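Colleague:
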Amino acid sequence: MASYQRLCITSCTIFFCLLSLSSSQKVTLSLYYEALCPFCAEFIVNRLPKIFETGLISSIDLQLVPWGNAAIRPDGTILCQVLDSSCYVSLALYIIELGHSI
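Residue numbers (mature numbering (1 follows the signal peptide of the UniProt record, and there is no 0)): -24 to -1, 1 to 78.
(1) Please state whether the Cβ-Cβ distance between residue 39 and residue 61 is less than 8 Å.
(2) Counting only runs that start and end within the region 7 to 66, where is the alpha helix (DSSP H) found for 4 or more residues in a row?
(3) Please report how far the alpha carbon of residue 15 lies from the alpha carbon of residue 54, in whole angstroms.
(4) Relative to the C-alpha of residue 41, which residue among 3, 35, 9 and 49 is closest?
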């Protein structure tokens, strides 16, 4: 029941956001994910394609951000919450997206 309620609320929110936009405006959707997380992978592979299949992508500015469990310290260095391969892969993907070499 809670799942159904969340789906209804999400659908209504998206509908009213899109309804309030003119045809030239897009909603920005930033998806922060952990590179090797099986739950993130399941969402990206099985759920996210629905916005393409339904044509909703034409109203969305989609940004995928491979960040995971990391934080930026005040001195600008990046700290992984858990020092595992997933954090390092996420950081490598993030650096590549920024256009820097590793």
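From the three backbone atoms N, C-alpha and C, an ideal C-beta is built for every residue, glycine too.
Bear in mind that the values here come from a model prediction, so they are computed numbers and not experimental data.
Modeller: Reading from the atomic positions:
(1) By 1-based counting over the sequence shown, the position of residue 39 is 63. By 1-based counting over the sequence shown, the position of residue 61 is 85. Result no, Cβ atoms of residue 39 and residue 61 do not sit closer than 8 Å.
(2) 14 to 18 and 26 to 29
(3) To locate residue 15, count along the sequence shown from 1; it is residue 39. To locate residue 54, count along the sequence shown from 1; it is residue 78. Distance between the alpha carbons of residue 15 and residue 54 is about 23 Å.
(4) For this step, residue 41 is matched to residue 65 along the sequence shown. For residue 41, the nearest C-alpha among the options comes from 9.
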